[in-house]
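A.B. asks: Below: one structure in structure tokens.
This is how it looks when you write it as structure tokens:
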């Protein structure tokens, strides 16, 4: 019976997936369920559910006491709900038709860069090139090539000598389109805003921006599979569907690599951290770029992700070990949270990622803090708290940009007050 159900599951997922060069995967009538896991037993049973029901977890499974979102195809709605009831797992449908949600968050008018819709890589990069050509205070580079040969571009904004720098990183995870949309929104504000406070921040600090760390994965989410997370390098493993591709690049940094994280050692899963650290050319290029600057120049490193509305601080690998200046970092993160909430009421929770979210190793923010000694690093998990999740409608892009801009202003000012830039 279990084998029969598994075969049906594979057929159902094959109907949604597509191979490169074919029509993009479609998810008509696929639901997203939100589960509330209360006990260790429920969590352990949930981890085994893929043995008899085809599901796609949108969150890494960590500890009880959290909510987790899972995609279930139409063939399995009834058996999934029956299983949840048997396990006494509180569950509800938060999205009835995933494809409709994907369509609502798809690329609109891609003819020019603006922040009312999502954009393709070409449009994002064309905008970067145009801004670089128009402003002599911008220094633009290709810091490396992706596995498939696409550029990884950087922009450095510097209006005066002697400034300390703030580093912004975007779209290391392919499916998190709101990441690069927000990072480019911030960059546009720093370049073109007439707001006096943004002008001051662009004068008094240097800004280093890499809006697209994972161009291959990003293009793949536009052309083939919207749910893709990793990069696109074949990782040398296979499963029943064929070759397995990609590494979760935010698990591949060489700082406490491989120590913790759900399924980081499963090559065909979304969260595979690699066979060893620093295996991915995109990550090595990013690390070499950061390391190319003089020690002490970059004073803050902020990675933008989706979703959950968090300001996640080091460390990710432990929920009992904290940075020496953790209390200082929390005060700075609190400034971001308070200011962002003032705009539209979006509440950002702040604290160590291993404590607030889940224990996981090999993240960029931890490498930047633990290896490069950058005194304030964080991962900003953007909107929302799970209603739309990775598929945030495009009509929220500008709102996200505005609330994060307000948070960023307050964060930088508090960091200055705390001596981060000394």
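In mature numbering (1 follows the signal peptide of the UniProt record, and there is no 0), the protein residues as written are -18 to -1, 1 to 404. Glycine is no exception: its CB is placed at the ideal position from the N, C-alpha and C atoms.
#1: Please confirm whether residue 380 and residue 98 have their CB atoms less than 9 Å apart.
#2: In the structure shown, what three-state DSSP assignment does residue 261 receive?
#3: For the segment 304 to 313 against the segment 260 to 277, do three or more pairs of beta-carbon atoms, one drawn from each stretch, fall closer than 8 Å, so that the two count as touching?
#4: Measuring CA to CA, which of 163, 8, 56, 7 is closest to residue 285?
#5: Assuming residue 236 contacts residue 260 under a Cβ cut-off of 8 Å, what Cβ separation, rounded to an integer in Å, is found between them?
#6: Need the endpoints of the alpha helix (DSSP H) that residue 162 sits in, please.
#7: Label residue -8 either buried or exposed according to how many other C-beta atoms from any shown protein chain fall within 10 Å of its C-beta, with 16 as the threshold for buried.
#8: For residue 219, does the count of other Cβ atoms within 10 angstroms reach 16, so buried, or fall short, so exposed?
#9: Near residue 65, what residues of its chain come up, given a Cβ to Cβ distance below 7 Å and the 5 sequence neighbours on each side ignored?
#10: Give a yes or no on whether the C-beta atoms belonging to residue 50 and residue 58 are separated by under 9 Å.
#11: Spell out the partners DSSP gives residue 220 in its beta bridges.
#12: Suppose the cutoff is 7 Å on Cβ atoms and the five residues either side in sequence are ignored; what does the same chain contact list for residue 165 look like?
#13: Between the Cα of residue 308 and the Cα atoms of 177, 293, 330, which residue gives the shortest distance?
#14: Under a three-way DSSP split, which group does residue 10 fall into?
#15: Skipping 5 residues on each side, what residues in its chain have a beta carbon closer than 6 Å to that of residue 402?
#16: When the distance is taken between beta carbons, is residue 53 closer than 9 Å to residue 9?
#17: Rounding to the nearest angstrom, what Cα-Cα distance links residue 407 and residue 174 in this structure?
C.D. replies: So, from the data block:
#1: Here residue 380 refers to the residue found at position 398 of the chain shown. Here residue 98 refers to the residue found at position 116 of the chain shown. Cβ distance < 9 Å, so residue 380 and residue 98 count as in contact.
#2: Taking the first residue of the chain shown as 1, we reach residue 261 at position 279. DSSP places residue 261 in coil when its eight states are reduced to three.
#3: With a cut-off of 8 Å, the segment 260 to 277 and the segment 304 to 313 do not count as touching, because too few Cβ pairs lie within range.
#4: As a first step, residue 285 must be located in the chain shown, where it is residue number 303. Nearest of 163, 8, 56, 7 to residue 285, Cα basis: 163.
#5: Here residue 236 refers to the residue found at position 254 when the chain shown is read from its first residue. Here residue 260 refers to the residue found at position 278 when the chain shown is read from its first residue. About 5 Å separates the beta carbon of residue 236 from that of residue 260, a gap short enough to meet the 8 Å contact definition.
#6: On the chain shown, residue 162 is found 180 positions in, with the first residue counted as 1. Note, residue 162: alpha helix (DSSP H), 159 to 174.
#7: Walking along the chain shown from the start, residue -8 turns up at place 11. Residue confidence is low: residue -8 scores 36 on pLDDT, short of 50, so the model does not pin down where it sits. Its coordinate-derived value is still stated next. Result: exposed.
#8: Within the chain shown, numbered from 1, the residue matching residue 219 stands at position 237. Looking at its Cβ environment, which holds fewer than 16 other Cβ atoms inside 10 Å, residue 219 is exposed.
#9: Start at 1 with the first residue of the chain shown, and residue 65 comes out as number 83. These residues qualify, in order along the chain: 31, 35.
#10: The residue you call residue 50 lines up with position 68 of the chain shown. The residue you call residue 58 lines up with position 76 of the chain shown. In this structure, residue 58 does not lie closer than 9 Å to residue 50 by Cβ.
#11: Walking along the chain shown from the start, residue 220 turns up at place 238. Its beta-bridge partners are 225.
#12: Within the chain shown, the letter at position 183 stands for residue 165. Taken in chain order, the residues that qualify are 150, 152, 191, 193, 286.
#13: Your numbering for residue 308 matches position 326 in the chain shown. Residue 308 has its Cα closest to that of 293, out of 177, 293, 330.
#14: The residue given as residue 10 occupies position 28 in the chain shown. DSSP places residue 10 outside both helix and strand once states are collapsed to three, so it counts as coil.
#15: By one-based count along the chain shown, residue 402 stands at place 420. Answer for residue 402: 281, 357, 358, listed in chain order.
#16: The residue given as residue 9 occupies position 27 in the chain shown. The residue given as residue 53 occupies position 71 in the chain shown. Contact: yes.
#17: For the chain, the structure presents residues -18 to 404; residue 407 sits outside this window and is missing.
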